[in-house]
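**Student:** Those protein sequence lines, which keep their order, are chains A and B.
Heads up: the first sequence begins at 578 in the working numbering, then just goes up one per residue.
Heads up: the second sequence begins at 578 in the working numbering, then just goes up one per residue.
Backbone N, C-alpha and C fix where the C-beta goes; we use that ideal spot for every residue, glycine too.
Here the structure is a predicted model, which means the values were calculated and not measured.
So that we are looking at the same thing, I have put the structure below in structure tokens.
There are 2 protein chains.
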Amino acid sequence: MTISIIGLGLIGGSFAKDLRAAGLASELLGTDASPEHARRALELGLVDRTIPLEEAQRLSDVILLAVPVDAIALLLPRVLDAVRPEQTVIDLGSTKFQLAESVRQHPNRERYVAAHPMAGTENAGPDAALAGLFKGKTVLLCDLEWSAPDACKTALELFHAVGLKFEFMSSEQHDRHAAYVSHLSHVAAYALSLAVQNEEKAGYAVPRLAGGGFASTVRLAKSSPEMWVPIFKQNREHVLKAIDAFDERLQEFKRCLEANDYARLETLIREANQIRDLL
Amino acid sequence: MTISIIGLGLIGGSFAKDLRAAGLASELLGTDASPEHARRALELGLVDRTIPLEEAQRLSDVILLAVPVDAIALLLPRVLDAVRPEQTVIDLGSTKFQLAESVRQHPNRERYVAAHPMAGTENAGPDAALAGLFKGKTVLLCDLEWSAPDACKTALELFHAVGLKFEFMSSEQHDRHAAYVSHLSHVAAYALSLAVQNEEKAGYAVPRLAGGGFASTVRLAKSSPEMWVPIFKQNREHVLKAIDAFDERLQEFKRCLEANDYARLETLIREANQIRDLL
Numbered sequence: 578m579t580i581s582i583i584g585l586g587l588i589g590g591s592f593a594k595d596l597r598a599a600g601l602a603s604e605l606l607g608t609d610a611s612p613e614h615a616r617r618a619l620e621l622g623l624v625d626r627t628i629p630l631e632e633a634q635r636l637s638d639v640i641l642l643a644v645p646v647d648a649i650a651l652l653l654p655r656v657l658d659a660v661r662p663e664q665t666v667i668d669l670g671s672t673k674f675q676l677a678e679s680v681r682q683h684p685n686r687e688r689y690v691a692a693h694p695m696a697g698t699e700n701a702g703p704d705a706a707l708a709g710l711f712k713g714k715t716v717l718l719c720d721l722e723w724s725a726p727d728a729c730k731t732a733l734e735l736f737h738a739v740g741l742k743f744e745f746m747s748s749e750q751h752d753r754h755a756a757y758v759s760h761l762s763h764v765a766a767y768a769l770s771l772a773v774q775n776e777e778k779a780g781y782a783v784p785r786l787a788g789g790g791f792a793s794t795v796r797l798a799k800s801s802p803e804m805w806v807p808i809f810k811q812n813r814e815h816v817l818k819a820i821d822a823f824d825e826r827l828q829e830f831k832r833c834l835e836a837n838d839y840a841r842l843e844t845l846i847r848e849a850n851q852i853r854d855l856l
Numbered sequence: 578m579t580i581s582i583i584g585l586g587l588i589g590g591s592f593a594k595d596l597r598a599a600g601l602a603s604e605l606l607g608t609d610a611s612p613e614h615a616r617r618a619l620e621l622g623l624v625d626r627t628i629p630l631e632e633a634q635r636l637s638d639v640i641l642l643a644v645p646v647d648a649i650a651l652l653l654p655r656v657l658d659a660v661r662p663e664q665t666v667i668d669l670g671s672t673k674f675q676l677a678e679s680v681r682q683h684p685n686r687e688r689y690v691a692a693h694p695m696a697g698t699e700n701a702g703p704d705a706a707l708a709g710l711f712k713g714k715t716v717l718l719c720d721l722e723w724s725a726p727d728a729c730k731t732a733l734e735l736f737h738a739v740g741l742k743f744e745f746m747s748s749e750q751h752d753r754h755a756a757y758v759s760h761l762s763h764v765a766a767y768a769l770s771l772a773v774q775n776e777e778k779a780g781y782a783v784p785r786l787a788g789g790g791f792a793s794t795v796r797l798a799k800s801s802p803e804m805w806v807p808i809f810k811q812n813r814e815h816v817l818k819a820i821d822a823f824d825e826r827l828q829e830f831k832r833c834l835e836a837n838d839y840a841r842l843e844t845l846i847r848e849a850n851q852i853r854d855l856l
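This is the structure in structure tokens:
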């Protein structure tokens with residue numbers, strides 16, 4: 578089948594690599610808003626050709642939307658306007674509810690499958706594309722009751738080919754879940770980065786003298802605003818609640834230290850340790 | 578030379594492995610407060626013999642203290658009481674100022690070298706010992722002006738043998754630095770773990786459906802209270818300040834979202850991104 582990938586960055590590029598390796602695409606077409614990224618994606622052999630979106634859609638069996646979520650919100654209705662009954666449109670964005678609502682009444686809604694592969698790195702652009710990025714990870718498939726059975730089947734076939742496991746939920750559940758296990762991690766990493774940088778400027782903290790623990794905790798702070806501002810915007814309500822819940826636990830830690838209550842601090846840490854059993 | 582390692586967990590055990598690999602120790606002696614850990618360390622071949630601390634110290638050229646920082650605070654004065662002029666005592670703890678103050682007036686202070694290798698994992702006990710853990714990492718050496726030149730030389734020789742790079746600072750500087758680049762990361766990870774677990778209990782967040790980003794950010798939340806409560810206790814003042822600085826940035830994120838100020842949010846994220854250049 579002919580597959581179009583709209584957005585040739587980390588996620589789109591990694592899909593391109595794995596779909597090619599799986600031998601699933603007879604032709605891989607690509608589109609990127611940045612001419613430089615499009616050129617680089619070709620250079621890296623991620624896709625066979627880069628062509629404008631309308632042409633790519635016309636020639637494809639499957640259209641994968643792998644652009645930032647604000648761009649998905651703009652493109653999806655347009656793509657659905659032009660979609661043919663045998664085509665499948667899949668978005669790979671990190672937020673789902675607003676998007677779901679925006680196309681709920683679209684006459685071609687059933688050609689669309691909402692998906693969020695829970696995999697990524699802090700890097701962006703075609704050079705960030707990583708073979709095997711999705712292997713063993715999970716793709717969250719949302720509101721499948723609104724998608725045509727054959728579109729679901731095509732999407733599952735693609736995701737299975739790149740090694741993703743499936744989970745099914747509503748777009749509303751998705752956004753609340755993602756606020757905690759993905760979006761909040763980014764907020765925490767950004768705040769940690771800013772706090773440490775401030776201290777570094779004061780001449781005290783020296784990030785390059787840190788161990789692997791700091792690097793691990795702060796890693797997501799390298800993620801780009803182009804991708805993340807639209808995510809926070811679209812999932813604003815849930816992210817705000819998640820920040821409050823996080824801050825509440827932070828304040829609990831603070832109160833233990835202020836009150837020299839080390840028995841309570843130990844209890845908190847023991848509870849936190851239980852994340853071992855949940856991962 | 579004969580080297581004693583007091584505490585055969587992650588740090589002590591990893592040192593044992595690397596010192597043995599470097600061929601620096603004619604004999605490696607070990608002590609652990611837990612008979613089970615001592616037995617397991619022997620089973621794993623981390624040390625040649627496990628014997629009581631007093632006997633280990635009597636037989637050794639170098640005594641490495643690799644126990645939690647509250648135990649270091651108890652043991653160090655005792656070890657210095659019995660130390661001979663040709664012996665070197667090194668602690669590997671994560672906090673330094675209180676310890677430095679507690680032995681500042683000790684008649685044998687100069688036999689002691691204060692060190693903090695900035696390396697570790699979230700695991701504990703002899704089975705967590707990892708060959709090569711210190712390679713390319715940095716050891717922070719504190720207040721070396723209070724240590725005898727030959728003791729410094731011995732310590733540097735050992736640290737060099739396991740692949741550590743050196744940095745020198747006062748114990749006061751150390752504790753402020755460590756509060757930001759190590760201790761705060763742990764607080765953030767613990768709070769993240771607790772917030773997500775709470776949401777998981779409510780049936781919404783599902784940690785096992787998270788991607789690598791969450792795993793990376795929350796990893797340190799697996800670290801044990803036995804090691805971390807004493808660190809927070811001994812570095813209370815700096816950790817409290819670091820939590821406040823972190824919370825300030827978190828609130829800034831929150832205000833941006835509340836006010837729908839996405840231009841400001843983008844600026845914050847761009848600033849946070851600069852951690853790339855500092856690692």
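How about M578(B): is its C-beta nearer than 8 Å to some C-beta of chain A?
**Tutor:** Closer than 8 Å: no.
**Student:** When DSSP builds the beta bridges, which residues end up paired with D668(B)?
**Tutor:** Looking at the DSSP assignment, D668(B) forms a beta bridge with L642(B) and A691(B).
**Student:** Mind checking if V764(A) is an interface residue toward chain B, Cβ cutoff 8 Å exclusive?
**Tutor:** It does; some Cβ of chain B falls within 8 Å.
**Student:** Taking the alpha-carbon positions, what's the P662(B) to S801(A) distance?
**Tutor:** If I take the Cα positions, the gap works out to 56 Å.
**Student:** Is there a Cβ of chain A sitting closer than 8 Å to that of G697(B), yes or no?
**Tutor:** Output row for G697(B): interface = yes.
**Student:** Give the list of continuous beta strand (DSSP E) stretches no shorter than 3 residues that lie fully inside the region 603-657 of chain B.
**Tutor:** Those beta strand (DSSP E) runs which fall completely within the region 603-657 of chain B and span 3+ residues are 604-608 and 639-642.
**Student:** State the Cα-Cα distance for the pair I550(B) and P703(B), rounded to the nearest angstrom.
**Tutor:** Nothing about residue 550(B) can be read from this structure; chain B reaches only from 578 to 856.
**Student:** Check M804(B) in the structure and name its three-state DSSP category.
**Tutor:** Helix, per DSSP.
**Student:** If you draw a straight line from the alpha carbon of T698(A) to that of A708(A), how long is it in whole angstroms?
**Tutor:** So the two alpha carbons sit approximately 12 Å from each other.
**Student:** Quick check on D824(B) - is its C-beta less than 8 Å from some C-beta in chain A?
**Tutor:** Chain A contact via Cβ: present.
**Student:** Where do the N-terminal and C-terminal ends of the alpha helix (DSSP H) with I846(A) fall, by residue?
**Tutor:** From DSSP, the alpha helix (DSSP H) with I846(A) extends over Y839 to N850.
**Student:** Using the Cβ count rule (16 or more neighbours within 10 Å means buried), how would you classify P645(B)?
**Tutor:** It is buried - the Cβ of P645(B) has at least 16 other Cβ atoms within 10 Å.
**Student:** My output table needs one value for E678(B): the three-state DSSP class, helix, strand or coil.
**Tutor:** The answer is helix: DSSP assigns E678(B) an H, G or I state.
**Student:** For the region 785-806 of chain B, which residues have a beta carbon sitting closer than 8 Å to at least one beta carbon of chain A?
**Tutor:** Residues passing the 8 Å Cβ filter: R785, L786, A787, G788, G789, G790, F791, A792, S793, T794, V795, R796, L797, A798, K799, S800, S801, P802, W805 and V806.
**Student:** Given this structure, state the Cα-to-Cα distance separating E620(A) from M804(A), to the nearest angstrom.
**Tutor:** Those two C-alpha atoms are separated by around 23 Å.
**Student:** Unbroken alpha helix (DSSP H) runs of length 4 or more, entirely within the region 781-828 of chain A: which are they?
**Tutor:** Fully enclosed alpha helix (DSSP H) runs of 4 or longer: 789-795 and 802-811.
**Student:** Can you tell me whether D668(B) is buried or exposed? The criterion is at least 16 other CB atoms within 10 Å of its CB, across all chains shown.
**Tutor:** The residue is buried, with at least 16 neighbouring Cβ atoms inside 10 Å.
**Student:** Just by C-beta distance, which residues in the region 739-750 of chain A are closer than 8 Å to chain B?
**Tutor:** Of all residues in the region 739-750 of chain A, E744 and Q750 have a Cβ within less than 8 Å of some Cβ in chain B.
**Student:** Below 7 Å CB to CB, which residues in the same chain sit around S724(A) once its five sequence neighbours on both sides are set aside?
**Tutor:** Only E687, Y689 and V690 meet the Cβ criterion.
**Student:** Kindly indicate the opening and closing residues of the beta strand (DSSP E) around L596(A).
**Tutor:** Careful: L596(A) lies outside any beta strand (DSSP E), inside the alpha helix (DSSP H) at L587 to A598.
**Student:** Do V716(A) and L676(A) count as a contact pair if the criterion is CB distance below 8 Å?
**Tutor:** It is not a contact, given that the beta carbons lie outside the stated cut-off.
**Student:** Any beta carbon from chain B within less than 8 Å of R847(A)'s own beta carbon?
**Tutor:** Interface residue, yes.
**Student:** Run through chain A and tell me which residues come within less than 7 Å of T715(B), C-beta to C-beta.
**Tutor:** By Cβ distance, chain A contributes L786.
**Student:** Provide the residue span of the beta strand (DSSP E) that contains L718(B), from first to last.
**Tutor:** Its beta strand (DSSP E) spans residues T715 to C719.
**Student:** Does the Cβ-Cβ distance between L606(B) and L636(B) come in under 8 Å?
**Tutor:** Yes, the Cβ-Cβ distance between L606(B) and L636(B) is below 8 Å.
**Student:** Say whether chain B places a C-beta atom closer than 8 Å to the C-beta of S770(A).
**Tutor:** Cβ-Cβ to chain B under 8 Å: yes for S770(A).
**Student:** Note down the Cα distance separating V811(A) from G670(A), rounded to an integer number of angstroms.
**Tutor:** For the record, residue 811(A) in the displayed sequence is Gln; it is not Val. Computed Cα separation, rounded: 11 Å.
**Student:** State the start and end residues of the unbroken alpha helix (DSSP H) segment that holds T731(B).
**Tutor:** Per DSSP, T731(B) belongs to the alpha helix (DSSP H) from P726 to A738.
**Student:** With DSSP collapsed to three states, give me the class of E663(B).
**Tutor:** If DSSP states are grouped into helix, strand and coil, E663(B) belongs with coil.
**Student:** Label L651(A) either buried or exposed according to how many other C-beta atoms from any shown protein chain fall within 10 Å of its C-beta, with 16 as the threshold for buried.
**Tutor:** The residue is exposed, with fewer than 16 neighbouring Cβ atoms inside 10 Å.
**Student:** Only counting the same chain, and skipping five residues up and downstream in sequence, which positions put a Cβ closer than 6 Å to that of A633(B)?
**Tutor:** So the qualifying residues of the chain are S581, L606 and T608.
**Student:** Does E776(B) pass the burial test, meaning 16 or more other C-beta atoms within 10 Å, or should it be called exposed?
**Tutor:** By the 10 Å Cβ count, E776(B) comes out buried.
**Student:** Quick one: any contact between the region 843-853 of chain A and the region 826-846 of chain B, if contact means 3 or more CB pairs under 8 Å?
**Tutor:** These segments do not touch.
**Student:** For R617(A), which option in L585(A), R785(A), E631(A) and H760(A) has the closest C-alpha, if you only look at C-alpha atoms?
**Tutor:** Among L585(A), R785(A), E631(A) and H760(A), the Cα nearest to that of R617(A) is on L585(A).
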